[in-house]
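Peer 1: Residue numbers (my numbering), protein chains in the order written: chain U, 6 to 351; chain F, 6 to 351.
Even for Gly, the Cβ is constructed at its ideal location relative to N, Cα and C.
Computed from a predicted model, the values in this text were never measured in an experiment.
Protein chains: 2
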Amino acid sequence: MDESTAGGRTVTLKDLASELGIHPSTVSRILHSGSEVARGAASVATAERVRELARKRGYSPDPQAAGLRTRRTRLMGVIVPRLSDLVLAIMYEGIDEAAAELGYSTFVMNSRDDPEEQRRKTDTMLARRVDGLIIGDAHLDSGLLRELAARKVPFVLMNRRVPGFPSATCDDVLGGELVADHLWRKGHRNVAVIAGEPYASTAVDRTAGFVDRWRALGGQIPRNAVVWSRFDTAGGREAAEIILAHCNPRPTALFAVNDFAAIGAMGAVRSHGLSVGRDVAVVGFNDTSLAAELPIPLSSVRSPMLDIGRTAVQLLKGVLDGREVESVRLEPVLCVRESSAFGNAV
Amino acid sequence: MDESTAGGRTVTLKDLASELGIHPSTVSRILHSGSEVARGAASVATAERVRELARKRGYSPDPQAAGLRTRRTRLMGVIVPRLSDLVLAIMYEGIDEAAAELGYSTFVMNSRDDPEEQRRKTDTMLARRVDGLIIGDAHLDSGLLRELAARKVPFVLMNRRVPGFPSATCDDVLGGELVADHLWRKGHRNVAVIAGEPYASTAVDRTAGFVDRWRALGGQIPRNAVVWSRFDTAGGREAAEIILAHCNPRPTALFAVNDFAAIGAMGAVRSHGLSVGRDVAVVGFNDTSLAAELPIPLSSVRSPMLDIGRTAVQLLKGVLDGREVESVRLEPVLCVRESSAFGNAV
DNA sequence: GATGCTTACCCAATCGATTGGGTTGTTGAC
DNA sequence: GTCAACAACCCAATCGATTGGGTAAGCATC
């Protein structure tokens, strides 16, 4: 078995054809078309012989050649801020799986949320002739997306949404609301938000969901209790430092729109001599695998990251097939753990 | 600018050629070869006109077509256990950067450390006609590597090494030794190791480095104080539970060969009513961005993850260029933090 | 026995870039 | 004045798969 690469040379359609004494085009039709075209192109017996030989020789079509002719690469380009962000890495796993199921392969690139890099990476992807793009680093004020749309580049957004373009996201507004409900019910009245980057819909929506619901419940959130920050641990720590230093009265609960920022916030809380959970509740977002395993388990809004990735692929497939697609917003669930389990007397 | 995709059709060599009234092959030579071939192929004036027009039309060569002819795709395939492992994600960032600098693009796939998946993903990559592979999920007992070598597939290993194949890794033995020295000097005499997966050289080397040095220092490590585990947080917690439950006397220090396992271990320590740092020192490996930011900052061996990725690309480039390459082992540094900062009376 | 319809194929162009081998026309040396 | 050398190009095959248009044989129908 697997004589394909053993000898060295890869097997081509022509090899198979000449070995069977038939024309390459016939072989192509047999191997190519599900059965609609195959029927009519060759006899059942021939088809069987071809398939048999293809298997034996380990034939695998050259995607370069096929793509050259068909103008399709069966490649999806994926752009994310950074793959070392666990959230995006998991979404990418979903993409990878779903794409493979559809017979697509994927390219990923990191844009580091830098508009210039976004452009450059997009261009590289298009130069590679990807069939479409999954954009996981969309900025709310992005001009790039409009350009891509104008150039009729097929793409969908993932994780972050931008009005007017199809996207696969978590229902971030709802996620924020869940946290507001939870903290309110626990008796907290002074809260603060570590809000993330203002150009990301995830940050904006989660914050808005939280703040709007909080006010609807009758709570108040002073302006300086919402601090925009980076999404990483250091960013969360810095934001928490600011909050703990300047908010008066000191909040009894912090909502960070991202688990990593929440972990940073926990560090800040601790270095102020306060206890996470007891003195200050902390809630994160995404429920990454770390949250439950931290020394002090972190309450977090679980977002279906894997499904978001998978859904993005389905959406893009829809676009590629020329269908009209609708944005999908997947539902999050709040997981309460020790970091916000205790009540707070009003 | 950028009229390339505006109209819709992509520009080809032939377009440029006919617009200038010269032959496509001339255009190709001008645009293609650095200047050695270009000189002799066309006059300086023509070359300039061609380059000018190419820029104006936004010409970008079709990699499908070029690859079909040259049999090279300028694609590197990367296989990792999982990209949601922060360590691999960062190495991949290094790969991505270095590959881009060399004009290569990269495919990544997750094998989940499953031998069958490793095979499948490798095949998919080769079917895509990648020029070479960077393998980040090598198992010490892997037959796949020998097969690939026999089939003359160009590849290098990353992160994990296997004797006989070129690899870019951290000097994991040294890393383990650094930890042994550190804990010994702090006065610990009862220690345990959360050792990771026995099929990964990272786990084996770090553990061996630690244990051998420990014994060389005069210390003892009972057999049941080395617990093999998964690399993730839950795996680390489980291993620590076993150690805390069964080791007698209870160790005063834990060395986990991976930060995530260390975080899990910290959780286990805490749920046994013990204090990390005071009662039980914990040291991790890789110094991921989280380590320093944890509520109790984690001591960790910093491995040059980004450089490991970059080095892997350089090695693979060497192999692709037909050079003989030597494995590279990059030096780690120990970062001591609160989780192991306190001494322990003997 | 001419026509029409299948069945089971074959032919050749095509996708876009690359490359080994020409073919001109000009210049310089002797 | 001739020949060689060179500059500046052009030609055409090639990579491997795809696909619109054949065509020949066989059979049935009228």
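So with Cβ pairs under 8 Å, would you call U/Arg133 a contact of chain F?
Peer 2: Cβ-Cβ to chain F under 8 Å: yes for U/Arg133.
Peer 1: U/Ile27 by DSSP, collapsed to three states: which one?
Peer 2: Residue state, collapsed to three classes: coil.
Peer 1: Smallest Cα separation from F/Asp292: which of F/Ala50, F/Ile84 and F/Ala261?
Peer 2: The option with the nearest alpha carbon to F/Asp292 is F/Ala261.
Peer 1: According to the neighbour-count rule (16 or more other Cβ atoms, all chains shown, within 10 Å of its Cβ), is F/Pro203 buried or exposed?
Peer 2: Under this definition F/Pro203 is an exposed residue.
Peer 1: Say whether chain U places a C-beta atom closer than 8 Å to the C-beta of F/Tyr64.
Peer 2: It does not; no Cβ of chain U falls within 8 Å.
Peer 1: If we define contact as Cβ-Cβ less than 8 Å, is F/Ala70 a contact residue for chain U?
Peer 2: Yes, because at least one Cβ of chain U sits closer than 8 Å to the Cβ of F/Ala70.
Peer 1: Would you kindly check if the distance between the Cβ of U/Arg242 and the Cβ of U/Gly269 is under 8 Å?
Peer 2: In contact: U/Gly269 and U/Arg242 (Cβ atoms closer than 8 Å).
Peer 1: By Cβ distance, which residues of its chain are closer than 6 Å to U/Pro309, with the 5 residues on each side in sequence left out?
Peer 2: Around U/Pro309: Leu335.
Peer 1: Excluding the 5 residues preceding and the 5 following U/Asp431 in the sequence, name in chain order all residues of the same chain whose CB lies nearer than 6 Å to its CB.
Peer 2: With chain U represented from 6 up to 351, any question about residue 431 of chain U goes unanswered, as that position is not in the structure.
Peer 1: Are the CB atoms of F/Ser276 and F/Leu303 within a distance shorter than 8 Å?
Peer 2: Not closer than 8 Å, so no.
Peer 1: Our contact map puts U/Ala173 next to U/Leu320 with C-beta atoms below 8 Å; I'd like the distance itself, whole angstroms only.
Peer 2: Yes, they are in contact, since the Cβ atoms of U/Ala173 and U/Leu320 sit about 6 Å apart, within 8 Å.
Peer 1: Could you check how far apart the C-beta atoms of U/Glu102 and U/Arg315 are, in whole angstroms? I think they sit under 8 Å.
Peer 2: Rounded, the Cβ-Cβ distance is 7 Å, consistent with contact.
Peer 1: Taking U/Asn263 as the reference, which of U/Pro337, U/Thr207, U/Phe112 and U/Arg283 has the closest Cα?
Peer 2: The residue with the shortest Cα to Cα distance from U/Asn263 is U/Thr207.
Peer 1: Below 8 Å CB to CB, which residues in the same chain sit around U/Gly137 once its five sequence neighbours on both sides are set aside?
Peer 2: Met81, Gly82, Val158, Pro159, Phe160, Val161, Leu321, Val324 and Leu325.
Peer 1: Going along chain F, which residues have a C-beta under 8 Å from U/Arg283?
Peer 2: Neighbours of U/Arg283 on chain F: none; closest Cβ ~13 Å, over 8 Å.
Peer 1: Contact between the region 117-130 of chain F and the region 58-65 of chain F: three or more CB pairs below 8 Å?
Peer 2: The region 117-130 of chain F is not in contact with the region 58-65 of chain F.
Peer 1: Check the Cβ of U/Tyr97 against every Cβ in chain F and list those closer than 7 Å, keeping chain order.
Peer 2: By Cβ distance, chain F contributes Leu88.
Peer 1: Which runs of the beta strand (DSSP E) at least 3 residues long sit entirely within the region 185-215 of chain U? Give them in chain order.
Peer 2: Correct list: 196-201.
Peer 1: Helix, strand or coil: how does DSSP classify F/Asn229 here?
Peer 2: The answer is helix: DSSP assigns F/Asn229 an H, G or I state.
Peer 1: Have a look at F/Gly222 and U/Asn253 and give me their C-alpha separation to the nearest angstrom.
Peer 2: In the sequence as presented, Gly is not what sits at residue 222 of chain F; that position holds Leu. When rounded, the distance between both Cα atoms is 54 Å.
Peer 1: Verify the CB distance criterion: does F/Val163 have a CB-CB separation below 8 Å to chain U?
Peer 2: According to the sequence shown, residue 163 of chain F is Met rather than Val. Not an interface residue.
Peer 1: For U/Leu91, which residues from the same chain have a beta carbon less than 6 Å from its beta carbon, with the 5 sequence-adjacent residues on both sides left out?
Peer 2: For U/Leu91, where only same-chain residues beyond five positions count, the Cβ hits under 6 Å are Thr293.
Peer 1: Taking Cβ positions, are F/Leu36 and F/Ala22 nearer each other than 8 Å?
Peer 2: Going by C-beta atoms, F/Leu36 is not nearer than 8 Å to F/Ala22.
Peer 1: Look at the alpha carbon of F/Ile140 and the alpha carbon of U/Trp233, and state the distance between them as a whole number of angstroms.
Peer 2: Near 39 Å, if we compare the C-alpha coordinates of U/Trp233 and F/Ile140.
Peer 1: Please name the residues in the region 258-278 of chain F whose beta-carbon is closer than 7 Å to at least one beta-carbon of chain U, in chain order.
Peer 2: Those residues of the region 258-278 of chain F that come within reach of chain U (Cβ to Cβ, closer than 7 Å) are Ile268, Gly269, Met271, Gly272 and Arg275.
Peer 1: Going along the chain, which residues of the region 301-316 of chain U sit with their C-beta nearer than 8 Å to a C-beta in chain F?
Peer 2: Answer in chain order: Ile301 and Pro302.
Peer 1: Report the three-state DSSP secondary structure of U/Met6 (helix, strand or coil).
Peer 2: With a pLDDT of 37 at U/Met6, under the threshold of 50, the modelled position of that residue is not reliable, and the figure given next carries that caveat. Note: U/Met6 maps to coil in three-state DSSP.
Peer 1: F/Leu259 and F/Ile199 look like a contact to me (Cβ under 8 Å); what is the Cβ gap, rounded to whole Å?
Peer 2: Indeed they touch by this definition, with Cβ atoms about 6 Å apart.
Peer 1: Count the other C-beta atoms from every protein chain shown that fall within 10 angstroms of the C-beta of U/Ala50, then say buried if there are 16 or more, exposed otherwise.
Peer 2: Classification for U/Ala50: exposed.
Peer 1: Apart from the five residues just before and just after U/Arg134, which ones in its own chain have a Cβ nearer than 6 Å to its Cβ?
Peer 2: The residues are Thr78.
Peer 1: Apply the 10 Å Cβ neighbour rule to U/Asp142 and answer buried if 16 or more other Cβ atoms are within range, or exposed otherwise.
Peer 2: That one is buried.
Peer 1: Give every residue of the same chain whose Cβ lies closer than 7 Å to the Cβ of F/Ser33, excluding the five residues on either side of it in the sequence, and list them in chain order.
Peer 2: So the qualifying residues of the chain are Leu18.
Peer 1: By the criterion of Cβ-Cβ separation under 9 Å, what are the contact partners of F/Val113 in chain U?
Peer 2: Chain U residues near F/Val113: Leu88, Tyr97, Asp101, Thr111, Phe112 and Val113.
Peer 1: Could you please give the first and the last residue of the uninterrupted alpha helix (DSSP H) stretch that includes U/Arg74?
Peer 2: Here the alpha helix (DSSP H) through U/Arg74 covers Pro68 to Thr75.
Peer 1: Is F/Pro29 closer than 8 Å to F/Asp176 when the C-beta atoms are compared?
Peer 2: Their beta carbons are not under 8 Å apart, which means F/Asp176 does not touch F/Pro29 by this criterion.
Peer 1: Below 8 Å on the Cβ atoms is my contact criterion, and I expect F/Val281 with F/Val287 to pass it. Report the Cβ-Cβ distance as a whole number of Å.
Peer 2: Indeed they touch by this definition, with Cβ atoms about 6 Å apart.
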